[in-house]
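To start, the structure under review is shown below, and the notes come after it.
Numbering (the numbering used here), first residue to last: 155 to 355.
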């Protein structure tokens with residue numbers, strides 16, 4: 155399955171340059187639209203595309219309230235980064251006879267993840283991560299970035315440091331797509347007291 159998709163070794167210099175341009179456009183977007191000052195360290199949030207804005211707000215507030223992690227500016231994938239993903243997927247499609255990979259926007263040597271300072275993942279209800287989110291967390295661990303996981307318990311939200319990620323927790327691409335079709339599975343975990351209070355505002 156993995157060999158069906160383009161990897162960064164398959165890319166031309168021009169395609170690598172396009173990824174760098176997309177990353178710079180993303181940084182400009184963060185400054186102009188989300189208030190990043192360009193200096194504050196970035197913490198990136200790997201999650202699955204079926205996450206809704208209210209979950210984004212919960213993740214952001216939890217991180218900003220954490221004593222250690224509040225120093226970071228929270229970077230959550232949005233419609234804008236989605237456009238960059240789709241652009242890279244389109245431009246790499248057919249390279250070497252393989253399918254294009256939008257994930258290269260994130261994981262290429264000068265992709266977006268090389269510009270962040272830490273990562274904190276959000277899993278599905280059963281503790282599994284979508285294929286893309288799992289790949290991003292593995293990338294962070296392999297490149298020496300601090301990696302955390304947001305854990306939802308009954309009465310509180312916890313952020314735990316991750317030293318390794320068991321591959322059994324990472325869904326295949328087809329399984330991820332199946333779950334994206336029914337995002338109720340995602341939210342079944344968010345039923346604790348902290349979440350009920352947050353969503354009742």
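Built from N, CA and C at the ideal position, the CB exists for glycine as well.
In terms of DSSP beta bridges, what is residue i paired with?
i           : result
residue 312 : 305
residue 217 : Answer by DSSP bridge pairing: none, since residue 217 is not bridged.
Distance check for residue j and residue i, CA to CA, integer angstroms please.
i           : j           : result
residue 220 : residue 251 : 46 Å
residue 301 : residue 273 : 5 Å
residue 279 : residue 231 : 20 Å
residue 313 : residue 182 : 29 Å
residue 243 : residue 265 : 13 Å
residue 186 : residue 176 : 15 Å
residue 319 : residue 325 : 12 Å
residue 192 : residue 158 : 37 Å
residue 381 : residue 249 : Absent from the structure is residue 381, since the part of the chain shown begins at 155 and ends at 355.
Exposed or buried, residue i, counting other C-beta atoms within 10 Å across all chains shown (16 or more means buried)?
i           : result
residue 224 : exposed
residue 173 : buried
residue 236 : exposed
residue 333 : buried
residue 277 : buried
residue 255 : buried
residue 290 : buried
Going by beta-carbon coordinates alone, are residue i and residue j separated by less than 7 Å?
i           : j           : result
residue 226 : residue 195 : yes
residue 284 : residue 202 : yes
(request) May I have a chain-ordered list of the alpha helix (DSSP H) segments no shorter than 4 residues that lie completely inside the region 239 to 274? (result) Counting only runs of 4 or more, we get 258 to 261.
(request) Write down every uninterrupted run of the alpha helix (DSSP H) in the region 158 to 187 whose length is 4 residues or greater and which is fully enclosed by it, in chain order. (result) Runs found: 167 to 187.
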